[in-house]
Amino acid sequence: MKAPAFAYAKPRSLAEALQLLSSPGAKALAGGQSLIPSLNMRLSSPEMLVDINGLAELQGIRVDQDAVTIGALTTHAGIERSDVVRKHLPLLAEAVQHVAHAAIRNRGTIGGSLALADPAAEYPACVLALEAVLLVASGKGARRVKAEDFFKGLFETDLRAGELLTGVEFPVAAKGERSAFVELARRQGDYAIVGLAARRAATLRLAFFGVGATPVLARHAAAQQTLRKASEALARDLDPAADLYHSAATKLHLARVLLERAWNAISTSH
Amino acid sequence: MERDFDITLTVNGVRVQRRVEARQHLVDFLREDLGLTGAHAGCEHGVCGACTVRVDGEIVRGCLMLAVQANGRRVDTIEGLSDSGELAALQKAFHERNALQCGFCTPGMLLAAQELVRAGKKCTREEIRAHISGNYCRCTGYHAIVDAIEQVLNGQS
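In order, the protein sequences belong to chains A and P.
Position one of the first sequence corresponds to residue 2 (our numbering), numbered consecutively onward.
Position one of the second sequence corresponds to residue 17 (our numbering), numbered consecutively onward.
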């Protein structure tokens, strides 16, 4: 299908973009790899698209002492190519291998994916596991939102009308930190049936995705000392709904399969 | 609020100037306004990859980019890349291996596969499949397509 008619504007600065986004009916266009399908399928009909591509303020990957800041417009291909990500955010480097297909990776962005908050997407679970902070701006100023406070429901985030996600700040992986990213999908690059971003720093964090309306931190499982106990405890953390192809029981079973893989990966010595 | 825009871009090496509606996709612009029907409009929501074209040297989904976003960019389609001879080795291999299936995906497959050729490294069949996973359409199998790409990448005959 074809998209409905809409107005289009391409601001030259972040300030101009935020001003345009303050009008009701305006929507930010980043990589467009989820927004444009939703327009084509007429699931959404904004009055105006504000094309933020090209805004220098939203580009680039920076290391600053103990944090890596990734601009919202950084593409999946850009994250994959980044030496900084490989060195300081190994979990994200592993996860990006699962994000979408070649042609989509050249345009889709980390900011767009996080702002959309698809429950089966990889980045939302990564920011939860990595305790990242989401950087948000509007005409009224900037604010920082912890990943744990950002995902509110199905395709629903803490972003308010007129706000734009400008970047994500990740703590640099500490010495001795271990992580693993595992995912089951019907074919390479598809959204996950079930996935898991796992990170063992001071404590263990297990962020599952594809198992609910938002990514889920499995706190009970993460508190256990053995895999067997963690696997049992997972039933208290996850209550997945069935999808078109998998029953709820299958999803929980697959989550346990991934838990075992990740647990073993981060428990074995180098 | 503007809904129509004048755009100037380079398509297959030729400078083109047109007025487009903001809602028009790049692939529809190429097919309908310029008559370049090699890139196919398939699913129109980014799943099948039949609309694959190159923008500033990188493959993109023609149905997930607006024509207005191609303003000032260089766009290359299957037509231009065939005429330039860049795809000749892949096209020969596809022909020899009968790697067409129904043929609808072929232009997108060639553009996706050419990314691997340009990267210049050898690939396993699994790596080839992972790379063309975004171009699976309605057929199944794709074995002959993997054969053809493997032949070009790894120099097998």
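We put the CB at the ideal spot given by N, CA and C, even for glycine.
Note that this is a predicted model, so its numbers are computed, not measured.
In this chain, the alpha helix (DSSP H) harbouring Gly96/P covers 94-99. Tyr192/A does not reach chain P, its nearest Cβ partner there being about 11 angstroms away, counting only Cβ pairs nearer than 9 angstroms. The DSSP assignment places complete alpha helix (DSSP H) segments of no fewer than 4 residues inside the segment 56-137 of chain A at 77-82, 84-89, 91-96, 103-106, 111-117, 123-130, in order along the chain. For the segment 39-68 of chain P, the set of residues with a beta-carbon nearer than 7 angstroms to any beta-carbon of chain A comprises Arg39, Glu60, His61, Gly62, Gly65, Thr68, in chain order.
A distance of 8 angstroms or more separates the beta carbons of Gly65/P and His89/A. Following the DSSP letters along the chain, one finds Phe110/P in no beta strand (DSSP E) but inside the alpha helix (DSSP H) bounded by residues 104-112. Sequence-ordered contacts of the segment 74-93 of chain P with chain A read Glu74, Ile75, Val76, Arg77, Cys79, Leu80, Met81, Leu82, Val84, Gln85 [C-beta pairs closer than 8 angstroms]. For Ala78/A and Ile75/P, the gap between their C-alpha atoms comes out near 11 angstroms. Of the candidates Gly190/A, Gly32/A, Val137/A, the residue whose Cα lies closest to the Cα of Cys79/P is Gly32/A.
Leu239/A sits away from Ala223/A, with the two beta carbons spaced by 8 angstroms or more. Under the Cβ distance rule, His77/A does not count among the residues neighbouring chain P, no pair being separated by less than 8 angstroms. In terms of CA proximity to Ala198/A, Ala263/A leads the group Ser46/A, Val85/A, Ala263/A. By the 16-neighbour rule on beta-carbons within 10 angstroms, Cys59/P is buried. Contact between the segment 247-259 of chain A and the segment 229-238 of chain A is present, with at least three C-beta pairs closer than 8 angstroms.
Of all alpha-carbon atoms in Leu21/A, Gly113/A, Pro241/A, Ile37/A, the one lying nearest the alpha-carbon of Ile71/A is that of Gly113/A. Listed along chain P are Arg19, Ala38, Arg39, each with a C-beta nearer than 8 angstroms to that of Phe7/A. CA-to-CA, the gap between Gly109/A and Thr76/A works out to about 5 angstroms. The beta-carbon of Ala164/P is placed no less than 8 angstroms from the nearest beta-carbon of chain A.
With distances taken between CA atoms, Asp20/P lies nearest to Asn87/P out of Cys139/P, Arg145/P, Thr122/P, Asn87/P.
Per DSSP, the continuous alpha helix (DSSP H) segment holding Thr122/P begins and ends at 122-135.
In this structure, Glu102/P lies away from Tyr9/A, with their beta-carbon atoms at least 8 angstroms apart. Per the C-alpha coordinates, the member of Val36/P, Thr156/P, Val168/P positioned closest to Ala105/P is Val168/P. Across the segment 27-41 of chain A, CB contacts with chain P closer than 7 angstroms involve Gly33, Gln34, Ile37, Pro38, Asn41, in sequence order along the chain.
With a threshold of 16 other beta carbon atoms within 10 Å, Pro216/A meets it and is buried. Close to Gln189/A, with beta-carbon spacing below 8 angstroms, are these residues of chain P in chain order: Arg145, Ala146, Ser149.
Shown here, His41/P sits in a strand according to DSSP, grouped into three states.
Runs of alpha helix (DSSP H) with 4 or more residues, each lying fully within the segment 123-204 of chain A, are found at 123-130, 148-151, listed in chain order. The segment 10-20 of chain A and the segment 52-67 of chain A touch, with no fewer than 3 CB-CB distances between them shorter than 8 angstroms. Judged by pairs of C-beta atoms under 8 angstroms, the segment 106-126 of chain P does not touch the segment 38-53 of chain P, as fewer than three such pairs exist.
Proximity of the segment 158-166 of chain A to the segment 187-198 of chain A falls short of the contact definition, fewer than three beta-carbon pairs being nearer than 8 angstroms.
For the pair Thr167/A and Ala133/A, the CB atoms are not nearer than the 8 angstroms cut-off. Secondary structure at Thr227/A: coil, using DSSP grouped into helix, strand and coil.
Look at Lys252/A here: in three-state DSSP terms it is helix. Under the Cβ distance rule, Tyr158/P does not count among the residues neighbouring chain A, no pair being separated by less than 8 angstroms.
Beyond the five residues adjoining it in sequence on each side, Ala181/A comes within less than 6 angstroms, by CB distance, of Ala199, Ala263, Ala266, Ile267 in the same chain, given in chain order. Shown here, Arg43/A sits in coil according to DSSP, grouped into three states, outside any helix or strand.
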